[in-house]
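0 is the number of the first residue of the sequence shown in numbering that gives the first Met the number 0; add one for each residue after it.
Each residue gets a CB set at the ideal place from its N, CA and C atoms; glycine is no exception.
Below is one structure, written out as structure tokens, with a few remarks after it.
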Amino acid sequence: MKKILITGGAGFIGSHVVRRFVNNYPNYQIINLDKLTYAGNLLNLKDIEQRPNYKFIKGDIVDAAFIDQLFTEEQIDSVIHLAAESHVDRSISNPLEFVMTNVVGTVNLLNAARHQWKHAYSNHRFYHVSTDEVYGSLGETGLFTEETAYDPHSPYSASKASSDHFVRSYHDTYGIDAVISNCSNNYGSFHFPEKLIPLSINNIKNNLPIPVYGKGENIRDWLWVEDHARAIDLIFHQAPAGSTYNIGGHNEWTNIDLIRLLCKIMDQKLGREPGSSAKLITFVTDRAGHDLRYAIDSSKLQADLGWKPSLQFEEGLEKTVDWFLNNEEWLQSVTSGNYQSYYNDQYGKR
Ligand code: NAD
Ligand code: DAU
């Protein structure tokens with residue numbers, strides 16, 4: 000039985016990846032390693048937690064001795080690495096935590112893999128899940144390709160860029176079979192409500208202001224999270240060692256247009272007067288170092304592995320709103336406790 004370690008499997012994207020692998024590959028043993036920070040939640044995996052090919056281990060990738068021991072005891076065959084501090088605004092208030100988890104944690108995993116697999120690197124794979132933010136910011140035209148030079152601007156993207164460099168260096172120096180993908184903004188179920196779309200859904204539902212940074216003119220390229228998980232599956236199984244793939248939705252939206260669309264959907268779903276949710280839009284101080292535009296050229300992934308996004312954004316956004324409205328208990332559980340103090344620090348008292 001192939002043993003695959005998925006890190007960060009209790010988070011937003013990780014939980015979709017774990018679910019996909021547990022369901023689609025009964026001959027793999029899936030080990031989900033997660034520290035369960037504020038962003039990790041085992042409720043995200045309730046539907047598969049009893050499956051015989053699934054195991055959860057609570058642990059911190061920053062703890063090198065623990066990671067080494069885990070690789071030895073579990074005889075890990077391959078890694079899909081998603082564990083990270085992932086929120087740009089938090090990286091602005093606490094950069095060091097991002098260096099520890101995203102850089103040191105990644106190097107700890109690489110070291111453990113290097114020692115455990117040194118006799119036959121080609122039978123093992125280290126898949127590092129990264130972001131398009133490493134490429135920096137686009138002007139009004141152009142797309143990020145796999146050849147775009149790295150130019151990170153936030154402590155988050157700088158830490159992800161650094162971890163990408165370490166992964167490539169372990170492939171080039173030690174011969175580890177490593178692959179990297181750089182994806183655009185994801186949306187969908189289990190998205191933590193500190194990020195724009197779930198935060199706005201939650202606030203609209205509760206009649207609270209929708210905080211739009213600056214003038215809302217920044218552009219993001221949105222991809223349904225299950226399309227990302229499908230791309231990860233294809234890349235894990237089929238990409239050549241040492242390769243990089245960009246993943247994106249060809250789906251650019253200014254933040255303000257996206258929020259207006261979301262308000263329209265929420266008015267319909269909540270049976271509110273058309274236009275009433277949009278009255279909650281509130282322009283607030285811009286994010287420091289705010290990248291203007293991200294947009295991905297995913298033609299390499301489409302040509303090599305036959306991937307393409309499966310959902311139109313309007314359909315995906317409606318599905319996402321339905322999921323949040325039907326999963327009140329989940330939303331309550333993640334917005335209690337620490338979430339309130341984060342929210343007050345970031346946006347001021349409600
Ligand atoms: P998330 O914040 O929802 O989840 C991160 C998970 O990692 C959580 O379960 C958390 O408990 C765990 N974790 C954090 N620190 C850890 C540590 N020290 N040890 C073990 N586990 C730890 O993040 P996400 O949005 O699901 O992102 C997952 C990955 O995908 C990240 O590497 C991120 O950089 C990348 N990514 C995210 C997006 C996006 O739009 N969200 C887009 C492209 C790439
Ligand atoms: O591009 C991929 C990246 O997408 C991932 O690597 C990150 O992990 C993920 O968090 C996401 O980063 P962003 O900064 O783009 O996502 P966020 O949802 O925080 O913000 C999206 C846009 O909305 C961005 O331009 C900032 C803006 N925004 C965000 C928040 C939280 C607001 O206007 N108001 C807000 O309250």
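At least one heavy atom of the ligand NAD is found less than 7 Å from the C-beta of E84. Per the Cβ contact rule, the region 94 to 108 is in contact with the region 48 to 68 (3 or more Cβ pairs under 8 Å). Within 10 angstroms of the beta-carbon of H236 lie fewer than 16 other beta-carbons, which makes it exposed. In this structure, the ligand DAU has no non-hydrogen atom nearer than 7 Å to the beta-carbon of P51. The shortest CA-to-CA distance from T36 to any of D46, Q49, T6 is the one to T6. Remark: three or more beta-carbon pairs, one from each stretch, lie closer than 8 Å, so the region 257 to 275 and the region 200 to 209 are flagged as touching. Where I29 is concerned, the enclosing beta strand (DSSP E) starts and stops at 27 to 33. Counted as a single uninterrupted DSSP element, the stretch harbouring E251 is not any alpha helix (DSSP H) but the beta strand (DSSP E) occupying residues 251 to 253. Taking 7 Å as the cut-off, one finds no heavy atom of the ligand DAU near enough to the beta carbon of R167.
Membership of R19 in the alpha helix (DSSP H) is indicated by the continuous run 11 to 23. Non-local C-beta neighbours of A240 in its own chain, meaning closer than 8 Å and more than five positions away in sequence, comprise S121, R124, H170, D176, A177, V178, ordered along the chain. For secondary structure counted as the alpha helix (DSSP H) over 4 or more consecutive residues, the region 209 to 245 holds these complete runs in sequence order: 224 to 237. Residue range 53 to 57 is occupied by the beta strand (DSSP E) that includes K54. DSSP places K318 outside any beta strand (DSSP E); the residue lies instead in the alpha helix (DSSP H), whose first and last residues are 312 to 325.
Remark: C-beta atoms of F97 and S14 do not approach each other more closely than 8 Å. CA-to-CA, the gap between I280 and D220 works out to about 21 Å. Shortest Cα-Cα distance from Q345 to any of D285, N250, G274 involves D285. Fewer than three Cβ pairs drawn from the region 239 to 254 and the region 318 to 330 lie within less than 8 Å of each other, which leaves the two stretches out of contact. Annotation: Q331 to L195 spans about 17 Å, alpha carbon to alpha carbon. At the C-beta level, D232 and R19 come within 8 Å of one another. Going by DSSP, S199 is part of the alpha helix (DSSP H) stretching over 195 to 204. Going by DSSP, I175 is part of no beta strand (DSSP E) at all; its letter is neither H nor E. At the C-beta level, F143 and Y155 stay beyond 8 Å of one another. Assignment of V283 by DSSP, reduced to helix, strand and coil, places it in the strand class. Residue range 1 to 6 is occupied by the beta strand (DSSP E) that includes I5.
Judged by DSSP in its simplified three-state form, Y186 adopts strand.
Within the region 58 to 105, the runs of beta strand (DSSP E) that reach at least 3 residues and sit entirely inside it are, in chain order, 77 to 80. Just measuring C-alpha positions, the residue of S309, P192, S162 sitting nearest Y126 is S162.
Selection K268, A230, F312 evaluated against D256 yields F312 as nearest (Cα-Cα). When the five nearest sequence neighbours on each side are left out, the beta carbons in the same chain lying within less than 6 Å of the beta carbon of W306 are those of A230, L233, L300, in order along the chain.
Out of L32, K117, I209, G288, the CA that lies nearest to the CA of L81 is found in L32.
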